[in-house]
Structures are given as structure tokens and as C-alpha cells.
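Participant: In my numbering, each number is its position in the sequence shown, counted from 1, plus 1355.
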Amino acid sequence: MARKRRLSSSMGGGPSSKRHAKEVIDLNDDSDDEPLEMILARIKEQEQSEALAKRLQAQWHDDGPSGSAPGTEPIVIDGYNEPLVDSDEALARRLAAEWAAEDAVAPPPAASSRLPLSASNGSSEIRAIALFEALGGFDRQYLGEQLTSNARSKEAAANYRKNNAAGSVGPGGTGYGTGTYPGGSGPAYGSGGSPHRGRGKGRGRGRGSQASFRPLSDPVTLGAHWDVVLVRALNTITSLLPAPYSDDAQVYDMLPHPSIAHSLAISQLPELLATLLRNDSITDWTARSDLYNAMLVLLRRMADCELTLQVLINERYELASSCGLEEWMWGDGEITWTTSADGTPAKANALYGYFQKLTKQSEAFLAGASQLLEAGAGDDGDAEVETAVQSVSLCGEIIAARDDLERTMKLLAKRPAAAEPVGQYSCHGKGKGRSKGSRPSLTLEQRYAQDCERLAFQHVAFPQVNGDYVSYNYAKELKSTANATRNPKDRLHLVKELAVTATSLPPGVWVRVDEVRNDAIKIMIAGPEGTPYAGGLFEFDCFIPLEYPHKPPLLHLRTTGGGSVRFNPNLYNCGKVCLSLLGTWPGRPEEQWSSKSTLLQVLVSIQSMILVELPYFNEPGYGQARKDDARSVAYNRNVAAQTARWAVVDWLRDEHRGGMWADVVASHFTLREARVRDSLREWAKSEPRIRAYTSAPPMLAPTAGAGFGFGFMAPPPPPLVPAGGGMDLLAEFERRMGCVRAWNLHSA
């Protein structure tokens, strides 16, 4: 006969039924040799177990009655009155059914279709771990996209070489971050299947190697999908960063875990931010406004906390390669940094430095776009006006974010790390002095680069008399086009191009745009070191015609000694500038102006191709450039003397103190004083006119063309000027520099 068992009433619900199916204790069974005390102890133990089950059941089913779970009968400890189960077989079937019901996954509550992120209100350690996981997932996705993008670029280059097809140069500006990326969604941010295969280490999810993506055919779709992934990533990371100024700030927000700054710094997030911040294409900003707005929200959140602010304003090390944050943490890869010549890690500019350039470009765009919006574009320009409005809105957000960051830095008494000096530009790349550079020289070079950047681009009021522009060569063109209307698309193109120019000028080039007519421009270019133009300042007038960018700008040299000096075979004493890009020189077709050419290209061409070390050979037909050519040596001596007189000493007159270029003159000659002095002394050794300059007649009057139809002339020999009795340019430089320092426009 099967032995009978008694079923406890607690088996009706809750997991305790698996553990509390116990035999009924028959107190009248004389065959049991156990003493009464032990039997009572077992009964008490059963009572305690079932009481514990009751409490656990109440906790797990907190939506039911407080006394017990729904459908559960009160527990009665009675050895004689409990219901009996006929056999072990029936008990087994019932228990199996109950356990199967318990193991089934219950659906989520209908009122809670989206569960909140549990880590958001956790402790500092939990939030730090959650941030680490988010950054690790972002690194996997970002590095995977880079690999696929590089592979696609190589394939495209191979196809280009194979087919010899002409390619597009893309949108205006440098275009960092404008590339498109393939699809694929990672486990942290994606909406589709994961491209990673799991290699779990008991952490709940795998960290797999990058699987191959199925490339999409439409580049626009690729870029849009990648931007969606990036927006998700930035939003997730932002939600996990400390928010000490939020209305419901937690302990973590006020006392964040110190590891978060290090996790951010060695992840791929700074690389993404640097890429986005270096992008100088306003067209691209507007097209990717969701991504840039998400970036601005992240930057504001990082500025709220001193720990995360350091990631923005401190110097970074230049990353060479990275396996990703998670791989590095688990010892499955390494992160390497670029090393300099002395073996130390190479420094990279702080992220805030890139952000400052972004805000400067935004300010330049807003200054020009205001004219566009005030004028209105008419029926044919509604699309351009709408684009301009979107760009203006985004630029305003960028400037507002800049203001927030600056307020935070002021409150925390933090200053961003200084940018490294830029040494690759021709304005100080060929000098013969101090090339070995002591530390003070390096600091001076840094200051010069910083001042050039600070003064590079400004909107100013050009001087006018009775409504006429004075000291501007194209005043007639301005007057004749005062009531003309530029094509709305071309007008927006000009505004965007000027904004790009504001942050792209090399050291030694300065631009001033009229605050009323942005087609009126003045330009100053410093003579490069190691040339007969070293240290001099050369002023140009520029006019943007109505047909721009389909026609080139007009350019006129003002620094000509009152029309008496021809500084170069391409720079006439009448102010004419001969350059194939301007259409004033019959160069090769690829050197001619096109609708994709820019004013910045013109300025860089003048600085690097006209103001050169051996200008004599700029004239076609004069053969290969040779330093020891007697004609070239004599030509350089004359150019150096004219530079000293008209591009150096003439700018140091007091009448320039209140002029448009006063700040540039003071900054340039104050920081370049030693170099200019050294150049004058060096030139004086071979050119007597440096110590006794006498004005000479014009070098050559304009004549008819020499076969090209453009009025080109062979460079003349230097004029013979009797020594003695003239101006001592070196002494005059010393005297006038004292006057410039008295302007108090630049602190030495």
C-alpha cells in the first residue's frame, strides 16, 4: 500500500511549494522511535519555514493582498485536520504542474511598456560600471565602422584607378566627419541584429570580433543610418554622466566615481568629438543637425562636472591605435599612443580648442547670414532661406553652448590647455634664424600663432565719406551693384565660404569683411621667412562679383609704394595681381578658376607661390630657379630694400594707429620684432639702400602685352640709387617700433 502524504496549504502558490511538501507526522504511530521533543521541534521548524514562505510570497506578489497571495488558503498547523493526498503519484503530478507555471515567463505589465534605466538611480559604482559598458559598446561600434569605412575607401580608390573616372571633391570646407559609414547595429545602440559574435566571460553578454557588414548601395542611407547610431550612443552616454544641477540630483551626481574621467579619456568618444568639432562645413552641420545637437547636449553635460570637464579642456595624447575600452580592460588588446622624436607621447590639441574654432565659424556665419535673412530671398530662394534659417539656429546653439562652457570654467577657475604652435605654414617655415629654437623662442612662436588666430577674421566697418568707400580700390563696383540682387543660392554660398575662411586661414593671413557689404573685403598677408619679403605686410583689396562663385574674385595690391614698386613678376606697381586662379594668367586648365574654387585658395596661392624665395624665376622663360644666378641675387636685393621701406617701416607710422589694421600691425611687429631686425641687418650687408634708402622712379611703367595679351613684362634690373643721404631703414625701424609699443594695442 502506498504511503500517504499530507500536502501543506502553502503549496497553492509561490516558490515555497517546491521546498515544503513534507510528510504528515502521525503522533499516534507507535512504530516511530523518535522522542516527543524531537517531533515538536520538527513541527516548530515547519511552522517557521512556512512563515518564511508566507513573507517571501507577500514580497514577490506585492500587488496582491497583504496577508497572502491570491488563491492561497490560510496556513493551519493541525496534525489531524489537514487534507490528505491519496498517493505519491497524484502529489507528483500536482507539483509538476505548479512548478511549470512558476517557471513560465510572465508578460510585462500593460501600463509599463518602457522600463526606466535602472542604473540611472544607482550608486556611484553602478553608474560608473554602466558608463563603462556604454563606452565599451560605443568603442566596438565605432572601431567596426572605421574598419568597414576604410575598406570601402580602398575599394573606391581601386575602382577609380581602374576606371579612371573623375571624382567629386565633396562639399565645401575641410569636411572632417562628412564621410558615410555602413550599416549594422551593435548591441548597445543599434536597432537590428548585432554584428558581433559573443565571447562571453560570465558577464551576461559577449564581446565579439567584428563581423563583416553587408554594404548598402546608397551612400546617403549609409550616412543617415550611422548618424542615427551615433545619436543613440551620445544620448545614452549623456544620460549616464553626472548631472549635479538637475532637479533630482542623486549622490552619484554630486560625488561621481573618479574612474569616469579616465574611462571617457581612453575611449573613442574624444576621437568622435574631435572629428565632429573639426568639421568646418556648415552645410554638413545643417544636414546632420540631430547629431550636432546631441553632441552639444553631451558637451553641456560634460561641463557640469569638474571630472568630465577635464576631458574637454585638458591636453590629450595623440592616439595611434586602439582595441577598444572593453578589450583593453580585459587584457585582450592594447591602446597605443603616437610618440614624438624624443620618445615621449605626442600631444594633441584639447577638444575645447576645436570647439572654439567651431564657435568662431558660427559667429562669422551669423554675421553674414543676418544680411541674407534681412534682404529676403524672394519666391525663387525659399529653399535657400529655409536652409539659412536652419543653419542660423544651429550656429546659435553652438554659441550658447560655448557660453555655458565658459561660465562653468570661470566658476571652477579652469582654463583650457593652450594649443600647440603651428609650424608647417610658410609664414615662418623658411627662416634662417633661431631654427634650433630655445624654449622662449617656442613660446614666442606659440604666441604669434595664437595672435594670428585671434585676429585672423573680423567683420568691420570700412571707412566711408559721404557714402563712398575710401581707401578701397573697388568703390565704383560697390556703388554700381548697390541695388543689384545676388542669386540667393550664390549669396548663401558666399556666407558659408566666409565662415569656413574664418577658421581656416594660415598664420600670417588676415581678412576683414565690411559689416554692411560682405562682398567688400580687405586682406593682409605677411611675407614668409627666408624670402626677400620676410616680415613685411602686404595689403590687398578684394571684391566679390555678383556672378561669384562662377567667376573669380577681383584682387588688387595696395602695397606698391604709391605705385612706384613692382614687388614681383606677378605683382605689378599698378596693383595688378597675375594668378591663373584669378584668370589673369594663361595657366593650365586645372589651374583656372572653377565654381568649386575658393577665396582661401587664392590667398594661400599668393603666400606660397608668389611671395617665394626666388621671385625672379616667377617670370616664364627664365629657366630653372638657381640661388647663385646673378640676376636673381640682384633682383632679391632690390625686393628686400623695397620690402623694408614699404612693407615694414611704412606700416609703423602713427597714422595707422587708428586704422583698420592697427591691431594686426602692433601684434605682428611686436612679436616679430627680433626677426625683422635680424632680416634688416642681414639685408644691409649686401644692399646699401637699407642704411640709405632713396625713393626711386617707378620700376617699370605698364606697357602692352608681351605675347600673352595680359600686359606681362619681364622683371627689370634693380634701379641704381646713389648711396648716402637717404633714409636709414634700420634706424627708422628702431625709432618707429617705440611708437608702436606706445599704441598699447599689444602686450609684449
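Note that the Cβ used here is the ideal one computed from N, Cα and C, for glycine as well.
Please read all numbers here as calculations on a predicted model, not as lab measurements.
Note down the Cα distance separating Gly1494 from Leu1619, rounded to an integer number of angstroms.
Facilitator: In the sequence as presented, Gly is not what sits at residue 1494; that position holds Asp. Computed Cα separation, rounded: 11 Å.
Participant: In whole angstroms, what separates the C-alpha of Ala1722 from that of Pro1771?
Facilitator: 26 Å
Participant: Quick check: the stretch 1933-1943 against the stretch 1957-1968, are there 3 or more CB pairs under 8 Å?
Facilitator: yes
Participant: Apart from the five residues on each side of it in sequence, which residues of its chain come closer than 8 Å, Cβ to Cβ, to Ser1952?
Facilitator: Pro1904, Pro1907, Leu1936
Participant: Let's see if you can read the secondary structure: which residues bound the alpha helix (DSSP H) around Ala1985?
Facilitator: 1985-1997
Participant: Using the Cβ count rule (16 or more neighbours within 10 Å means buried), how would you classify Tyr1927?
Facilitator: buried
Participant: Please state if the CB of Thr1693 and the CB of Ala1675 are separated by a distance shorter than 7 Å.
Facilitator: yes
Participant: Straight-line CA distance for Lys1409 to Leu1610?
Facilitator: 40 Å
Participant: Comparing the CB of Ala1854 with every heavy atom of the ligand ADP, is any distance shorter than 6 Å?
Facilitator: Ligands in the displayed structure: none, and consequently the ligand ADP is not present.
Participant: Of the choices Gln1716, Gly1918, Thr1858, Ala1811, whose alpha-carbon is the least far from that of Arg1867?
Facilitator: Ala1811
Participant: With a 10 Å radius around its C-beta and 16 neighbouring C-beta atoms as the bar for buried, classify Asn1838 as buried or exposed.
Facilitator: exposed
Participant: May I have the straight-line CA-CA distance separating Glu1870 from Val1815, to the nearest angstrom?
Facilitator: 5 Å
Participant: Would Thr2025 and Tyr1888 be called neighbours here (beta carbons separated by less than 7 Å)?
Facilitator: no
Participant: Would Val1524 be called buried (16 or more neighbouring beta carbons within 10 Å of its own) or exposed?
Facilitator: Caution is warranted here: a pLDDT of 39 is assigned to Val1524, below 50, making its placement in the model unreliable, and the coordinate value is therefore given only provisionally. Looking at its Cβ environment, which holds fewer than 16 other Cβ atoms inside 10 Å, Val1524 is exposed.
Participant: Of all the options Ile1621, Gln1947, Gly1499, Lys1877, which has the alpha carbon lying nearest to the alpha carbon of Glu1670?
Facilitator: Ile1621
Participant: For the stretch 1905-1981, which segments carrying the beta strand (DSSP E) assignment without a break, of at least 3 residues, lie completely within its bounds, in sequence order?
Facilitator: 1909-1912
Participant: Quick one: measure Cβ to Cβ for Gly1930 and Asn1828, integer angstroms, because I've assumed they're closer than 8 Å.
Facilitator: 7 Å
Participant: By the three-class DSSP mapping on this structure, what secondary structure does Ala1649 have?
Facilitator: Three-state result, Ala1649: helix.
Participant: So Tyr2104 and Met2082 are supposed to be a Cβ contact under 8 Å. How far apart are they, rounded?
Facilitator: With the chain running from 1356 to 2103 in the structure shown, residue 2104 is simply not present.
Participant: CB-CB under 8 Å to Trp1683, same chain, minus the five flanking residues each way: which ones, in chain order?
Facilitator: Ile1621, Ser1677, Glu1689, Ile1690
Participant: Per DSSP, which residues does His1814 bridge with? Please list them.
Facilitator: As DSSP reads the structure, His1814 sits in a beta bridge with Val1868.
Participant: Could you check which residue in Asp1984, Gly1891, Glu1974, Glu1852 has the C-alpha nearest to that of Gly1916?
Facilitator: Gly1891
Participant: I need the DSSP call for Leu1674, collapsed to helix, strand or coil.
Facilitator: strand
Participant: Can you tell me whether Asp1687 is helix, strand or coil according to DSSP?
Facilitator: coil
Participant: Based on the DSSP output, what are the partners of Thr1694 in its beta bridges?
Facilitator: Pro1700
Participant: Quickly, what does DSSP pair Val1820 with across the bridge? List them, please.
Facilitator: Asp1823
Participant: State the DSSP-derived secondary structure class of Lys1509, mapped to helix, strand or coil.
Facilitator: helix
Participant: Taking C-alpha atoms, which residue in Ala1875, Leu1713, Gly1822, Arg2090 lies nearest to Ser1808?
Facilitator: Contrary to the premise, residue 1808 reads as Glu rather than Ser in this sequence. For the set Ala1875, Leu1713, Gly1822, Arg2090, the Cα lying nearest the Cα of Glu1808 is the one of Leu1713.
Participant: Report yes or no: do three or more beta-carbon pairs, one from the stretch 1973-1981 and one from the stretch 2018-2032, lie closer than 8 Å?
Facilitator: no
Participant: Just to confirm before moving on: does the CB-CB distance between Arg1633 and Tyr1709 stay below 7 Å?
Facilitator: yes
Participant: Looking at the unbroken beta strand (DSSP E) that takes in Cys1897, where does it start and where does it end?
Facilitator: 1892-1898
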